[in-house]
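Line by line, the protein sequences give chains P and F.
Residues 292 to 405 (the numbering used here) make up the first sequence, in order.
Residues 165 to 275 (the numbering used here) make up the second sequence, in order.
Here's the structure, in structure tokens; my notes come after.
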Amino acid sequence: ETGVTQSPTHLIKTRGQQVTLRCSSQSGHNTVSWYQQALGQGPQFIFQYYREEENGRGNFPPRFSGLQFPNYSSELNVNALELDDSALYLCASSGGTEYNSPLHFGNGTRLTVT
Amino acid sequence: ILNVEQSPQSLHVQEGDSTNFTCSFPSSNFYALHWYRWETAKSPEALFVMTLNGDEKKKGRISATLNTKEGYSYLYIKGSQPEDSATYLCAFKYNFNKFYFGSGTKLNVKP
Numbered sequence: 292e293t294g295v296t297q298s299p300t301h302l303i304k305t306r307g308q309q310v311t312l313r314c315s316s317q318s319g320h321n322t323v324s325w326y327q328q329a330l331g332q333g334p335q336f337i338f339q340y341y342r343e344e345e346n347g348r349g350n351f352p353p354r355f356s357g358l359q360f361p362n363y364s365s366e367l368n369v370n371a372l373e374l375d376d377s378a379l380y381l382c383a384s385s386g387g388t389e390y391n392s393p394l395h396f397g398n399g400t401r402l403t404v405t
Numbered sequence: 165i166l167n168v169e170q171s172p173q174s175l176h177v178q179e180g181d182s183t184n185f186t187c188s189f190p191s192s193n194f195y196a197l198h199w200y201r202w203e204t205a206k207s208p209e210a211l212f213v214m215t216l217n218g219d220e221k222k223k224g225r226i227s228a229t230l231n232t233k234e235g236y237s238y239l240y241i242k243g244s245q246p247e248d249s250a251t252y253l254c255a256f257k258y259n260f261n262k263f264y265f266g267s268g269t270k271l272n273v274k275p
């Protein structure tokens, strides 16, 4: 089975710019969630998509937005980048919102904002 | 914002030692508790998904327990090996649609 893949692996952007990160979910998974991991912290939940609809959101401003496509791949868009947005962004897919579905993570995208 | 705390922050043990970590989480609106192992240069890998109070799960030398009433989970590693060196993350699933991760426990096992 194909695992979760994220692109790009690294990205450097300037403050104020916009960025799009991409994630292909594992085969058969219909739920995708995104996380931001800043240095020294655990992953922070950004949002979750289930069957193309956002159905859960963490404490992130509206300039963090997303999409999920019919093939369940997903995008994370961040507008008006700030220096504090520099972090590792992880995508995870799961077989659904059932209580016992583990998350399957990609390797992440390292975003640097200068 | 819900608080999920893991302790200790880091741990250095000798090969063969047994060790354990703690994950504390809110006792309300509990949905599930996940444990993940994150090795350097790899992606986090699921160890356990625990849902019921009193759950005990085991995978080889690694086991975990869950107490939802008091809001904690323990992860145990018996006879640590150098390949167990990794960061161990717990994640509290709030309702069905939100995850809150701890900051992790970084384990270093010396040969």
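All residues carry an ideal CB built from backbone N, CA and C; glycine is no exception.
Only a predicted model underlies this, so the values are computations on that prediction, with no experimental measurement involved.
Quiz prompt | Reference residue 378/P, options 296/P, 396/P, 294/P and 303/P, closest by Cα | solution = 303/P
Quiz item: Is residue 330/P near residue 198/F, with beta carbons less than 8 angstroms apart?
Solution: no
Quiz item: Taking DSSP as the reference, what is the three-state secondary structure of residue 330/P?
Solution: Coil, per DSSP.
Self-check item: Cβ-based burial, residue 224/F [other Cβ within 10 Å; buried from 16]
Solution: Under a 10 Å Cβ-count criterion, residue 224/F is classified as exposed, with fewer than 16 other Cβ atoms of the shown protein chains found around its own Cβ.
Practice problem: Answer with buried or exposed for residue 163/F, where buried requires no fewer than 16 other C-beta atoms within 10 angstroms of its C-beta. | Solution: Nothing about residue 163/F can be read from this structure; chain F reaches only from 165 to 275.
Exercise. Report the three-state DSSP secondary structure of residue 374/P (helix, strand or coil).
Key: helix
Quiz item: Under a CB-based cut-off of 8 angstroms, is residue 352/P close to chain F?
Solution: No, residue 352/P does not count as interfacial toward chain F.
Practice problem: Pick out whichever of 328/P, 364/P and 352/P has its Cα sitting closest to the Cα of residue 322/P. | Solution: 364/P
Practice problem: Just confirm the distance between the C-beta atoms of residue 112/F and residue 228/F, as a whole number of angstroms; I'd bet it's less than 8 angstroms. | Solution: The first residue shown for chain F is 165 and the last is 275, placing residue 112/F beyond what the model contains.
Quiz prompt | Segment limits, beta strand (DSSP E) that includes residue 186/F | solution = 183 to 188
Practice problem: Using alpha carbons as the reference points, say which of 262/F, 250/F, 260/F and 186/F lies closest to residue 201/F. | Solution: The residue with the shortest Cα to Cα distance from residue 201/F is 250/F.
Exercise. Could you tell me whether the Cβ atoms of residue 264/F and residue 195/F are closer together than 8 angstroms?
Key: no
Exercise. Run the CB neighbour count on residue 397/P, radius 10 Å, all protein chains shown included, and call it buried at 16 or more, exposed below.
Key: buried
Quiz item: Would you say residue 317/P reaches chain F, if we count a Cβ-Cβ gap shorter than 8 angstroms as a contact?
Solution: No, its Cβ sits nowhere closer than 8 angstroms to a Cβ of chain F.
Practice problem: Can you give me the Cβ contacts of residue 358/P inside the same chain, cut-off strictly under 7 angstroms, excluding the 5 residues immediately before and after it? | Solution: 365 and 366
Quiz item: How is the beta strand (DSSP E) around residue 343/P delimited, first residue to last?
Solution: That residue, residue 343/P, is in no beta strand (DSSP E); it is neither H nor E in DSSP.
Exercise. To the nearest angstrom, report how far apart residue 167/F and residue 274/F are at their CA atoms.
Key: The straight-line gap from Cα to Cα measures roughly 31 angstroms.
Practice problem: Just tell me which of 320/P, 340/P and 311/P has its CA closest to the CA of residue 301/P. | Solution: For residue 301/P, the nearest C-alpha among the options comes from 311/P.
Quiz prompt | Whole-angstrom distance between residue 334/P and residue 401/P, CA atom to CA atom | solution = 13 angstroms
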